[in-house]
Amino acid sequence: MTAIGNLFADFLRPRWVAGLSRVTVPAAEGIESWLINGAYSWLPNPAGSLRLDVSAANDALAEALAGEIARFSCAAYESLLDARAPLQDSRSLGWPLVRYYYASFYAAHAILRIAGTTVTMISPQTASLLNRVGGQYLGLPPQISSGLHTLQVDQTDPGKVQLTKIGSSNGGSHEEMWKLFLALMLQLEDQIVLTIGGAKDAQATVQVLSELRNQLCRQGKANGAWPSTVRNNVNYRHEYGVWYPYKLKTRLSTELHARMARWSPQDPNGFEIGRSANELACFIDICNVLAQLLTSALTDISRRTTSAKAGFVDRLPFKLLRLNEVAV
Numbered sequence: 063m064t065a066i067g068n069l070f071a072d073f074l075r076p077r078w079v080a081g082l083s084r085v086t087v088p089a090a091e092g093i094e095s096w097l098i099n100g101a102y103s104w105l106p107n108p109a110g111s112l113r114l115d116v117s118a119a120n121d122a123l124a125e126a127l128a129g130e131i132a133r134f135s136c137a138a139y140e141s142l143l144d145a146r147a148p149l150q151d152s153r154s155l156g157w158p159l160v161r162y163y164y165a166s167f168y169a170a171h172a173i174l175r176i177a178g179t180t181v182t183m184i185s186p187q188t189a190s191l192l193n194r195v196g197g198q199y200l201g202l203p204p205q206i207s208s209g210l211h212t213l214q215v216d217q218t219d220p221g222k223v224q225l226t227k228i229g230s231s232n233g234g235s236h237e238e239m240w241k242l243f244l245a246l247m248l249q250l251e252d253q254i255v256l257t258i259g260g261a262k263d264a265q266a267t268v269q270v271l272s273e274l275r276n277q278l279c280r281q282g283k284a285n286g287a288w289p290s291t292v293r294n295n296v297n298y299r300h301e302y303g304v305w306y307p308y309k310l311k312t313r314l315s316t317e318l319h320a321r322m323a324r325w326s327p328q329d330p331n332g333f334e335i336g337r338s339a340n341e342l343a344c345f346i347d348i349c350n351v352l353a354q355l356l357t358s359a360l361t362d363i364s365r366r367t368t369s370a371k372a373g374f375v376d377r378l379p380f381k382l383l384r385l386n387e388v389a390v
């Protein structure tokens, strides 16, 4: 990893749920299945949300998070591997850019989960079960409703987690995820500055994270969802001239295709961001940096597994990269 990747991983590590690096093959499918299985204790909390004690069963939560980290990481890498020009003309960038958006989206989801935060859809069946069982333990049903929720590990008390409904006025799952990711980047920046702010590597890392936030918030998107705007412009409005008959100049298209290769873990320019005025180049830089940050965080987990090459990172996302001859 580069110095920037190493430092990012160092400051993300304290947010891991206990037991994450011990997971080999995740037994739980994800957070919703973990909620159904009930490996936790109930704590009093205002109606409409849950506060759970996982201190006696952290490994179960780690399994669930590892399953989702692996799933989103694999989706991110597969999207990147598949984002190659499908036609002979290098100006064919429509589908590659759409795939790049989803690679960014999945990578950000995976990083959030490594940091102990999820955006999770709760089904009506799961909500009904939680209300029934919670009512037995708490005396009154917690009044959980179906829909989009965040689950967050309490950073001041890692043995506790909070499940909170996302209001309909906050936007959809994409907007809410980008907002949470933006907040995480700002928190990490502040921690790096307060801890080792004067060091050269710290300054370089903060600069990358700060510029990443700036790019996510382009065109007044204060929630960090600017990549979603580009995706919509490409996918639904057919803008930028990247669909046939192409309007994008061949030279620029060739440059953008070359730029898209920078997500690879060994690329020396993978953390370059904020140096281009071109919208599509900025969009691609966001994805490259997110992929680099994800790979750095996954490498950190892999290096701390209790058995070398036996952890979930090497068995799942990194295996996908190896199968496609991408060195990590």
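With the sequence shown counted from 1, adding 62 to any position gets you the numbering used here. Every residue gets a Cβ at the ideal spot worked out from N, C-alpha and C, and that includes glycine. Everything numeric in this text was worked out from a predicted model, so none of it was measured.
Given residue i as reference, the closest of the options once Cα atoms are compared
i, options, result
"W96", "G178, L127, E251, L112", "L127"
"N386", "L143, I363, R299", "L143"
"K311", "P203, Q328, Q354, S154", "S154"
"C136", "Y102, L159, H171, D121", "H171"
"G67", "D362, E91, D219", "D362"
"P88", "L112, F70, T218, E130", "E130"
"L105", "G221, L360, A389, V304", "G221"
"G100", "Q214, V195, V351", "V195"
"S138", "L356, T267, Q187, S272", "It should be noted that the sequence gives Ala, not Ser, for residue 138. Answer by Cα proximity: L356."
"S83", "F380, R384, T368, L378", "T368"
"W288", "S358, E237, G303", "E237"
"A65", "A264, A109, L123", "A264"
"L244", "A372, S272, K227, A132", "S272"
"L191", "G81, V79, A90, I98", "I98"
"T212", "R366, L225, R113, Y302", "L225"
"V85", "V388, D329, L382, K371", "K371"
"P203", "P379, Q269, P108", "P108"
"G229", "L250, G303, S111", "S111"
"V304", "P186, S103, P158, L123", "P158"
"P76", "R175, K227, Q354, V375", "R175"
"S141", "A389, L382, V390", "L382"
"A132", "D376, P330, V388, Q354", "D376"
"S208", "S185, A90, L314, I173", "S185"
"M239", "S290, Y306, P330", "S290"
"A90", "H300, F374, N193, S315", "F374"
"I173", "D216, L352, N294", "L352"
"R166", "Q354, F70, V255, A389", "According to the sequence shown, residue 166 is Ser rather than Arg. Ranking the options by Cα distance to S166, first place goes to Q354."
"E317", "P307, T188, V296, L342", "L342"
"K227", "R113, A389, Y302, L378", "R113"
Three-way DSSP call (helix, strand, coil) for residue i in this model
i, result
"D115", "strand"
"L246", "helix"
"L202", "coil"
"G197", "helix"
"V85", "coil"
"V390", "coil"
"R75", "helix"
"Q265", "helix"
"C344", "helix"
"L155", "coil"
"Q328", "coil"
"A145", "coil"
"R161", "helix"
"A372", "coil"
"E125", "helix"
"C279", "coil"
"T64", "coil"
"Y308", "coil"
"T367", "coil"
"N285", "coil"
"R293", "helix"
"F333", "coil"
"Y139", "helix"
Beta-ladder partner(s) of residue i, from DSSP
i, result
"V223", "L114, V215"
"G303", "The partner list for G303 (beta bridge, DSSP) is empty, contrary to what the question assumes."
"W240", "DSSP lists no partner for W240."
"R104", "Note on identity: in this sequence residue 104 is Trp, with Arg being the wrong assignment. Paired residues: L114."
"T180", "L213"
How about the segment 315-325 and the segment 277-287: do they share at least three Cβ pairs that are nearer than 8 Å?
no
Using 8 Å as the Cβ pair cut-off and three pairs as the minimum, do the segment 111-124 and the segment 281-293 touch?
no
Take every Cβ of the segment 329-339, pair it with every Cβ of the segment 174-183, and state whether three or more of those distances are shorter than 8 Å.
no
When the Cβ atoms of the segment 157-164 are set against those of the segment 341-349, are three or more pairs found closer than 8 Å?
yes
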